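Residue numbers (our numbering): 22 to 912.
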């Protein structure tokens, strides 16, 4: 299968799917953007391949097309439906064509002409779906009769609306603009013999993407990720050494693997369930690439996802000047000001002089941590050996050699106290290393910017001009003159939405070392291809268990497009409608080394993620907020016994939600906090009604302070709130609507948006829903949820003695508590955090010591570790109890 043919296929699918052209009422266009043709439409009649237009108009239009080549498109449109369409009291003003074709403008010594871009015009599916709500099969449309008014009058006779057809039967003889004005006064819409040239603005979602896909079709060479994602050929990974230690924070094994994939694989895929740190991991990749002087392009469909990544780089990594965040007007304004300030000398780059010091000190810290880890390991081994021997002495089973060694090991046993010091030093050094890493990265950034200003000030000036260009052609002119090799040294990370990528970056193949696609299930394949062409490697990040991109493209249209390019098979890569870029990437990676799964869930309390973890993620997630005392109360179900109206609104559930919002606002006001609030319903009519009630009853300042948002699951993809209020809007008479909730991706997103609490409002008896219905299963799980004390029921004497001593200290503790994929010997609730006591050396189930990875995963979860030697416990119990008490009471 040829790649060029696939790119053409995706371009046409995207063009047909993206609702590029808002064609319902072309009378809204300015006069200079809408030209009524007169006389006979010779192109529609098939007698001419091009038609002349007025020279003055043609000259002006030609210039506008050149200036706005990516923002707008010239269309040749025919056979209009014109008039007022009334439906359920609503009136829609129509001046919309049935037949659409892209047009191109030409000129010669005799004047200006237009012709059609393709020989196969398309139908206006939006208009047909409006006039024929039962949805016709587009395959039944006869392309040979697409300009035949009798064909259209016969087809539209099936419309529930009464249309006037007589005028339209004159086509290709054309009516005038005055005739259109008269048609608007009629009671019913009319089929009009009108043809126009319309210079329309593409929708935001497709602006520039089609232009770049066209360029991609004509490129002689493509980027390595594009070959990988289409060819399904095994590529040889690189052997780049990754600087894990230069990334702030402690990375998990999965995160380290992802950094390796990003640095060395041409195509990599990351699956990240909700709350597992996708954004943090992407920020870590960007920071790590920067340490190796490599560039990263981060793209996504939504600004929300990208804002989170930018926030991580700024707050968690201290790299507010490392990245260029462009796209939104307000952010672009800040970026322009930053460039102005750089050029005006307002920034102090003296921090750059400290770079070598920070790097040297950081290297020392890394070596100290490695040495400390080794000492902790060796001391734990020693404690293990001493404990076993001490037990033999205690039980009388020691031989002469054991007794002799034990007699001379008193000092060695006392050195087991060192375990406490080593554990504390480990925590302190990790924190110190994180701070110095941030300082080093900032100093490195300052040095690079200072060097760029010194050696290639023009590069920043050019970027500044390009960011202010008002037209795409002018911006392209600036970009073509820019030295992007220099720019990417000073601005190595670019964070851009897919639909604005063409506005801020030239279409240069492999200009970045890496492109990262976030929220990849939300990205249709076509829109990502231009981004993949801009990099040498690609990392696709998403979650197949969450919402996919929404496509309006009919299956018949998709089949027609495939046939148009000779792609007659039904391979996965041809299914534009159903597959996201994540699906295509997973289908075409060739080794498991290219795939990683983020398995540590940080966002929510266990009760909020438990159902999804079991139902959708095979119980693979480690719940980092898992604690014995965080049991129930985070999910509450209210049975409001409301009714769903004929228009799909449950007013009782809406009222209960408005009352709850008011209650939260009042409660927060007394505590001087503002928890964020989200309201979700799977049904858009309920969302619209609740939105109207929020506008009516909640003050603007409270909406802003609590970031109140009301939306369907699609509106909450990639977002979260402290408190989520869910209105399922189903009653006893509308149980069929629950079938929609049984879509796993919709349901998974719906129930995983809350950080702290989730309140569910329902009006249906769950026992009357089908047994396998997800709503029924979820509500049943809420009723039965409690964090069970899952423990390794193999107590030993040492563990019993420690537990008894802790009880004497009035400390809450748990024996052999299962947590984060491991069993904690003794878990203690401290004053501000939990402490995991690692019992070492007593023969039995708890004698072994924690591996360093266990220390690190517990630290990421906010749990401190206290190693406790059995030999020392026997020799100096008071010292051990003092250490435990100190840890419990630590601030």
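Backbone N, C-alpha and C fix where the C-beta goes; we use that ideal spot for every residue, glycine too.
Here the structure is a predicted model, which means the values were calculated and not measured.
Does the separation of the CB atoms of residue i and residue j fall below 8 Å?
i	j	result
residue 605	residue 485	no
residue 282	residue 617	yes
residue 786	residue 663	no
residue 547	residue 499	no
residue 700	residue 738	no
residue 861	residue 891	yes
residue 632	residue 802	yes
residue 746	residue 681	yes
residue 856	residue 887	yes
residue 554	residue 244	yes
residue 570	residue 864	no
residue 190	residue 210	no
residue 518	residue 322	yes
residue 748	residue 707	yes
residue 854	residue 884	yes
residue 679	residue 698	no
residue 551	residue 233	yes
residue 859	residue 405	no
residue 851	residue 615	no
residue 62	residue 249	no
residue 356	residue 502	no
residue 38	residue 292	no
residue 213	residue 201	yes
residue 880	residue 619	no
residue 525	residue 539	no
residue 568	residue 734	yes
residue 645	residue 331	no
In chain order, what residues of the same chain have a beta carbon less than 6 Å from the beta carbon of residue i, not counting five sequence neighbours either side?
i	result
residue 514	307, 317, 343 and 344
residue 634	640 and 642
residue 397	443
residue 65	99, 168 and 193
residue 558	287 and 535
residue 780	657 and 746
residue 197	none
Residue range of the beta strand (DSSP E) that residue i falls in?
i	result
residue 288	288-292
residue 777	775-783
residue 222	211-222
residue 329	Taken as a continuous stretch (DSSP letters only), residue 329 belongs to no beta strand (DSSP E), being part of the alpha helix (DSSP H) at 324-332.
residue 699	698-701
residue 535	533-538
residue 346	344-346
residue 319	317-321
For residue i, which residues of its own chain have a beta-carbon under 8 Å away from its beta-carbon, when the five flanking residues on both sides are left out?
i	result
residue 127	71, 133, 134, 135 and 136
residue 830	902, 905, 906 and 909
residue 181	154
residue 468	370, 373 and 376
residue 445	none
residue 160	Reliability of the predicted coordinates at residue 160 is poor, the pLDDT of 43 falling under 50, and no value is obtained from them.
The alpha helix (DSSP H) spanning residue i covers which residue range?
i	result
residue 516	Element bounds for residue 516: not the alpha helix (DSSP H) but the beta strand (DSSP E), 514-518.
residue 895	891-896
residue 884	Element bounds for residue 884: n/a, residue is neither H nor E.
Can you name, in chain order, every residue of its own chain whose Cβ lies under 7 Å from the Cβ of residue i, other than the five neighbours on each side?
i	result
residue 26	586, 587 and 588
residue 788	none
residue 817	863, 865, 866 and 867
_Whole beta strand (DSSP E) elements within the stretch 551-586, 3-residue minimum_ = Scanning the stretch 551-586 for uninterrupted beta strand (DSSP E) segments of 3 residues or longer gives 556-563, listed from N- to C-terminal end.
_At 3 residues or longer, what runs of the beta strand (DSSP E) sit wholly inside the stretch 830-867?_
Every beta strand (DSSP E) stretch that sits fully inside the stretch 830-867 and reaches 3 residues is listed by chain position as 834-840, 843-850 and 855-861.
_Sufficient close CB pairs (3 or more, under 8 Å) joining the stretch 374-391 to the stretch 247-264_ = In short, these stretches do not touch, since the Cβ pair count stays below three.
*Could you tell me whether the stretch 116-123 touches the stretch 93-106, using the rule of 3 or more Cβ pairs below 8 Å?*
Three or more Cβ pairs drawn from the stretch 116-123 and the stretch 93-106 lie within less than 8 Å of each other, which places the two stretches in contact.
_Report the start-end ranges of each beta strand (DSSP E) in the stretch 50-135 that is 3 residues or longer and not cut off at the edges._
Along the stretch 50-135, the beta strand (DSSP E) occurs as fully enclosed runs of 3 or more residues at 55-57, 71-74, 93-108 and 111-129, listed in sequence order.
*Counting only runs of 3+ residues fully inside the stretch 440-484, write out the beta strand (DSSP E) ranges in chain order.*
Entirely contained in the stretch 440-484, not one beta strand (DSSP E) run reaches 3 residues.
*Using 8 Å as the threshold, is the stretch 567-577 in touch with the stretch 621-632, meaning 3 or more CB pairs across them?*
The answer is no - the stretch 621-632 does not touch the stretch 567-577, with fewer than three Cβ pairs under 8 Å.
*Would you call the stretch 231-244 and the stretch 527-542 touching, i.e. three or more CB-CB distances under 8 Å?*
As far as the Cβ criterion goes, the stretch 231-244 touches the stretch 527-542, which means the pair count is three or higher.
*Which whole runs of the alpha helix (DSSP H) in the stretch 616-646 are 4 residues long or more, in chain order?*
Fully enclosed alpha helix (DSSP H) runs of 4 or longer: 627-636.
*Scan the stretch 726-765 and note each continuous alpha helix (DSSP H) run of 4 residues or more that stays entirely inside, going in chain order.*
With a minimum length of 4 residues, the continuous alpha helix (DSSP H) runs that stay inside the stretch 726-765 are 734-737 and 759-762.
*Please go through the stretch 242-304 and give each complete beta strand (DSSP E) segment of 3 or more residues, from N-terminal end onward.*
Assignment of beta strand (DSSP E) within the stretch 242-304, counting only whole runs of 3 or more residues, yields 288-292 in chain order.
*Three CB pairs or more closer than 8 Å across the stretch 715-730 and the stretch 769-783*: Output reads no: the stretch 769-783 does not touch the stretch 715-730.
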